[in-house]
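A.B. asks: Sharing a structure with you now.
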Amino acid sequence: MATKKRGRHRPVTPAMKDRSAASRTAAREALHAYAVLCLNDPAELEQFRDIAASLGWKLDPASADPGYSLQNALLLAAQRRPLTYCGGFNFWISQGRCVAEGQTSLVTFRRIGRKKSDEEKVREKELAEEGWQSSKRGPRYYVKKGTYDVAQTVPRERCPHCSTAPAGEDDRTTQCPPDCAVFAPRPGSKPPRVIVVELLQAQLLDADEDEVGEE
1 MATKKRGRHR PVTPAMKDRS AASRTAAREA LHAYAVLCLN DPAELEQFRD IAASLGWKLD
61 PASADPGYSL QNALLLAAQR RPLTYCGGFN FWISQGRCVA EGQTSLVTFR RIGRKKSDEE
121 KVREKELAEE GWQSSKRGPR YYVKKGTYDV AQTVPRERCP HCSTAPAGED DRTTQCPPDC
181 AVFAPRPGSK PPRVIVVELL QAQLLDADED EVGEE
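If you're matching positions, the sequence shown starts at 1 in the UniProt record's numbering and goes up one per residue.
This is the structure in structure tokens:
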């Protein structure tokens, strides 16, 4: 019987831990600043709801459904606006586009660890109702680079919407015109305003807890 080879993992160095912590801190600070902006400006809040609808949002981060969790949609919008539709490097290649020269990727939160089955979730809920508390740590997250908005990409072959084509095989600068349909917002449902406000307020609470923990 063939045995499955386990992949090799690079040892985590102190420098890697420092960079990871700095990335998480920068992400939280961006979320906090954007939350303050949206809570104080109704127009910004509505713009985010439009962005979330175009990105394709989902309420449950652990869901296998396509799209971004609402918090990741918020993090993406905190880094770049306007924002239309995002994907990774390989996703845009599959769409006949590539990342334009000189573009900096956006970051998202990614979960560390195995997703719990529905049975495990039910069992944990039953134990909690009986007064038991799990000693296991909750889900942990890290910040992952490599997401790009469509405005950060260019056609690597003739665009089916406007017929713009790259000047050569290695051309990563020829862009479609601003009115090209590829840049149009995608249809989708807006997240309920009450849920967005709760999420925004949670970013402020998280920031307050971080400050208390650092004292």
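Each residue gets a CB set at the ideal place from its N, CA and C atoms; glycine is no exception.
At a cut of 8 Å, does the segment 20-33 reach the segment 149-164 through at least three beta carbon pairs?
C.D. replies: Touching, no, given that fewer than three Cβ pairs across the two stretches are closer than 8 Å.
A.B. asks: How far does the alpha helix (DSSP H) with R24 in it extend, from its first residue to its last?
C.D. replies: Per DSSP, R24 belongs to the alpha helix (DSSP H) from 14-40.
A.B. asks: Taking C-beta to C-beta, are T13 and N72 nearer than 8 Å?
C.D. replies: No, the pair does not count as a contact, with Cβ atoms beyond the cut-off.
A.B. asks: Is the beta carbon of T84 closer than 8 Å to that of A27?
C.D. replies: Not closer than 8 Å, so no.
A.B. asks: Quick one: what's got a C-beta closer than 6 Å to I51's C-beta in the same chain, skipping five residues either side?
C.D. replies: Result list for I51: A77, L83, in chain order.
A.B. asks: Look up K145 in the DSSP assignment and say whether it is helix, strand or coil.
C.D. replies: Strand, per DSSP.
A.B. asks: Counting along the chain, where does the alpha helix (DSSP H) carrying A77 start and finish?
C.D. replies: Where A77 is concerned, the enclosing alpha helix (DSSP H) stretches over 70-79.
A.B. asks: Who are F109's beta bridge partners in DSSP?
C.D. replies: Its beta-bridge partners are V143.
A.B. asks: T153 bridges to which residues according to DSSP?
C.D. replies: T153 is bridged to V99.
A.B. asks: To which residues does DSSP link W57 through a beta bridge?
C.D. replies: Bridge partners of W57: Y68.
A.B. asks: Compare the beta carbon distance of A35 and Q203 with 8 Å and say whether it is the shorter of the two.
C.D. replies: Cβ atoms of A35 and Q203: closer than 8 Å.
A.B. asks: Could you name the residues of the same chain whose beta carbon sits closer than 8 Å to that of C86, not counting the 5 residues immediately before and after it, in chain order?
C.D. replies: Contacts found: L55, Y68, L76, L106, T147, Y148, D149, V150.
A.B. asks: Using a Cβ-Cβ cutoff of less than 7 Å, which residues in the same chain neighbour W92 once the five nearest sequence positions on both sides are dropped?
C.D. replies: Only C98, V99, Y148, T153 meet the Cβ criterion.
A.B. asks: Which residue from Q79, R186, Y142 puts its Cα closest to that of E29?
C.D. replies: Out of Q79, R186, Y142, Q79 has the C-alpha closest to the C-alpha of E29.
A.B. asks: Leaving aside the five residues before and after R137 along the sequence, list all residues of the same chain whose C-beta is less than 7 Å from its C-beta, in chain order.
C.D. replies: With a pLDDT of only 47 at R137, under 50, the local geometry of the prediction cannot be trusted, and the value read off the model is given with reservation. None.
A.B. asks: What residue does the alpha helix (DSSP H) around S94 start on, and which one ends it?
C.D. replies: That run of the alpha helix (DSSP H) goes 89-94.
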